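In the numbering used here, the protein residues as written are 22 to 361.
Spelled out as structure tokens, the structure:
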């Protein structure tokens with residue numbers, strides 16, 4: 022790798038990290054405003070115009086709060102948990118294509134940190150590591166409520182990762198590649214995978230809700246039973262890391278669904294734009310519009326549907342979604358053989 026390419030990738034990683042953290046911060050603001058809308062309230066409106074500075078106030082509050090570490094906790098594991106959750110959340114977006122290329126001077130800068138030919142496997146692998154951050158934090162706290170929350174989260178995430186992987190296999194069978202860039206390129210215009218895989222999309226979206234511990238699958242943080250769940254002993258920025266990781270996971274899940282099922286940065290009419298710079302900007306705008314739409318749906322569901330019981334959650338995962346995902350995969354293979 023030459024020096025110019027290394028600098029280019031490093032700058033892009035820094036920009037993407039800043040955008041990801043900014044999105045996570047303002048998703049908390051968006052969630053409060055959307056919750057207020059559904060509950061006929063105003064929401065944040067004191068910190069800045071329309072409350073737009075509320076995320077900065079929240080970050081300052083978390084940063085200056087006293088940091089407590091329980092006396093009987095496993096100290097280093099207690100510290101490692103939120104850091105691991107945050108790192109795995111941030112590095113997942115490395116293979117997401119946010120656009121094709123952006124001309125800067127005489128160079129064409131790829132709008133993807135790493136175009137690896139096993140991008141889907143990379144996503145699934147990193148997502149499966151994320152459960153360790155929650156499990157370590159819950160266990161190291163030496164608190165029964167934290168441990169129960171961590172056990173629930175780990176069982177839930179492992180269960181729903183199976184259905185998510187099976188839903189992705191159907192898309193991989195159709196596209197014949199594990200590269201997310203190639204999957205996007207095959208969805209030019211409106212030739213999106215959601216038209217061919219509606220059941221797979223519903224399964225994947227449901228699993229994404231469970232993977233992000235979002236309602237109605239927020240059993241790991243069920244305050245009516247576990248007073249906050251796996252992060253109940255955390256304070257200051259360690260708690261902030263767990264909260265940020267949850268919102269970053271929601272952002273990355275939305276980006277992955279937009280990439281795999283909704284054509285990524287493709288949209289009808291983009292091929293008519295002749296200016297390459299304007300085309301790249303339009304692709305980024307289309308991609309982020311799709312991501313924001315999914316984030317809104319995540320929040321809409323949270324403030325609309327009641328929480329499942331834990332036995333209902335596990336029943337849906339093992340006896341509902343996994344058989345449906347297997348049937349979807351078999352039907353995809355049968356149709357492909359029939360049309361071959």
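Cβ atoms here follow ideal geometry from the backbone N, Cα and C, with glycine treated the same way.
Predicted model, so just to flag it, every value in this text is computed and none were measured.
{"Asked": "Whole-Å CB distance - residue 260 paired with residue 252, under 8 angstroms assumed", "Found": "6 angstroms"}
{"Asked": "Where residue 184 falls, given that 16 or more other Cβ within 10 Å makes a residue buried", "Found": "buried"}
{"Asked": "Spatially closest choice to residue 176 from 227, 338, 352, 300, by CA coordinates", "Found": "338"}
{"Asked": "Residue 131, enclosing beta strand (DSSP E) - first and last residue", "Found": "128 to 131"}
{"Asked": "Cβ-based neighbour list, residue 141, same chain, cut-off 7 angstroms, excluding 5 preceding and 5 following", "Found": "189, 193, 199, 201"}
{"Asked": "Backbone secondary structure at residue 65 - three-state DSSP", "Found": "coil"}
{"Asked": "Distance between residue 71 and residue 63 (C-alpha atoms, nearest Å)", "Found": "9 angstroms"}
{"Asked": "Identity of the residues DSSP links to residue 76 by a beta bridge", "Found": "According to DSSP, residue 76 bridges with nothing at all."}
{"Asked": "7 angstroms Cβ shell around residue 45 - same chain, five flanking residues per side excluded", "Found": "265, 268, 269, 272"}
{"Asked": "Continuous beta strand (DSSP E) stretch holding residue 198: start and end", "Found": "Unbroken run through residue 198: none, as it is neither H nor E."}
{"Asked": "Exposure of residue 41, with buried meaning 16 or more beta-carbon neighbours within 10 Å", "Found": "buried"}
{"Asked": "Distance CB(residue 238)-CB(residue 231) smaller than 7 angstroms", "Found": "yes"}
{"Asked": "Coil, strand or helix - residue 125 by DSSP", "Found": "strand"}
{"Asked": "Buried or exposed by the 16-neighbour rule on C-beta atoms within 10 Å, applied to residue 295", "Found": "exposed"}
{"Asked": "Beta strand (DSSP E) runs wholly inside the segment 177 to 237, at least 3 long, in chain order", "Found": "none"}
{"Asked": "Sequence-distant residues of the same chain with beta carbon closer than 6 angstroms to residue 56, five excluded per side", "Found": "324"}
{"Asked": "Backbone secondary structure at residue 283 - three-state DSSP", "Found": "coil"}
{"Asked": "When 108, 342, 87, 322 are compared against residue 235, the one with the closest alpha-carbon", "Found": "322"}
{"Asked": "Supposed contact pair residue 154 and residue 187 - C-beta distance, whole angstroms, cut 8 angstroms", "Found": "The Cβ separation is near 24 angstroms, so there is no contact."}
{"Asked": "Inter-residue Cα distance where the pair is residue 77 and residue 67", "Found": "12 angstroms"}
{"Asked": "Any 3 or more C-beta pairs closer than 8 angstroms across the segment 157 to 168 and the segment 132 to 147", "Found": "no"}
{"Asked": "Under the three-state DSSP convention, the category residue 326 falls into", "Found": "coil"}
{"Asked": "Whole-angstrom distance between residue 249 and residue 167, CA atom to CA atom", "Found": "8 angstroms"}
{"Asked": "Given 8 angstroms, three or more beta-carbon pairs between the segment 113 to 125 and the segment 298 to 317", "Found": "yes"}
{"Asked": "Start-to-end residues for the alpha helix (DSSP H) that takes in residue 102", "Found": "96 to 112"}
{"Asked": "Beta-carbon gap between residue 279 and residue 311 smaller than 7 angstroms", "Found": "yes"}
{"Asked": "Rounded Cβ spacing between residue 65 and residue 263 (contact assumed at less than 8 angstroms)", "Found": "Actually they do not touch by this definition, with Cβ atoms about 21 angstroms apart."}
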